[in-house]
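Asks: Here you go, one structure.
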Amino acid sequence: AHCFGLDLTPPALYNTLKLCLLLSLVQTRTDADDPSLDLLVVTADTLILDRLMTYSLSLACRGVRHQASAEMFASLSRDEHGAGTANIHAGSALLASGGICMLGDLGFYRKDKLDYIQSVLESRSVSVFIPGKKYGEEGDQQLSFPVQ
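When you line the sequence shown up against mature numbering (1 follows the signal peptide of the UniProt record, and there is no 0), it's residues -32 to -1, 1 to 116, in that order.
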């Protein structure tokens, strides 16, 4: 753990965090039988943390850094060509399935978004509701996608 990200942090600091990041990287594989290791890191020095997390993303088999302007979970939009169909957008968490999704500073998220993140992490799935009348169907549909 000491050598992990050595050029990013002062010597002998953040060793516990580095060890957790290494363990998280080891567990990022497509085997669905192994539980994921979710990390929540609280610090006053966000610069070093951001550098370590970004470095970890580059080592993951699949890493996505969530942008505030993008959707975090699956969302729905109308087909822009007017065909009356729905487009399902994966969002950062589903795109990082089997890898790492870095959310950044949670202090910038509203309470409802934080509650939704907690709900998804507990249930390990995200659902998209498709209203039938809006898209020319008789009944409503709800699709669920696993979040790994």
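Where is the CB? At the ideal position from N, CA and C, for every residue including glycine.
#1: Look at the alpha carbon of glutamine 109 and the alpha carbon of glycine 100, and state the distance between them as a whole number of angstroms.
#2: Identify whether methionine 21 lies in helix, strand or coil by the three-state DSSP scheme.
#3: Can you list, in chain order, the residues of its chain whose CB lies under 6 angstroms from that of glycine 31, leaving out five sequence neighbours each side?
#4: In terms of alpha-carbon separation, which member of Leu82, Thr(-24), Ser93 and Ser112 lies closest to leucine 8?
#5: Going by DSSP, what residue range makes up the beta strand (DSSP E) through glutamine 96?
#6: Looking at the strands, I want to know which residues DSSP matches up with isoleucine 85.
Replies: In short:
#1: Position 141 of the sequence shown holds residue 109. Position 132 of the sequence shown holds residue 100. Those two C-alpha atoms are separated by around 7 angstroms.
#2: One-based indexing of the sequence shown puts residue 21 at position 53. Assigned with DSSP and collapsed to three states, methionine 21 falls in helix.
#3: Indexing the sequence shown from 1 puts residue 31 at position 63. The beta carbon of glycine 31 sits closer than 6 angstroms to the beta carbons of Leu25, Gly67 and Ile68 from its chain, once the five residues preceding and following it are set aside; these are given in chain order.
#4: Looking up residue 8 in the sequence shown gives position 40. Checking every option, the nearest Cα to that of leucine 8 belongs to Leu82.
#5: Here residue 96 refers to the residue found at position 128 when the sequence shown is read from its first residue. Checking the displayed sequence, the identity of residue 96 turns out to be valine instead of glutamine. That run of the beta strand (DSSP E) goes 93 to 98.
#6: The sequence position of residue 85 within the sequence shown is 117, counting from 1. None, per the DSSP bridge assignment.
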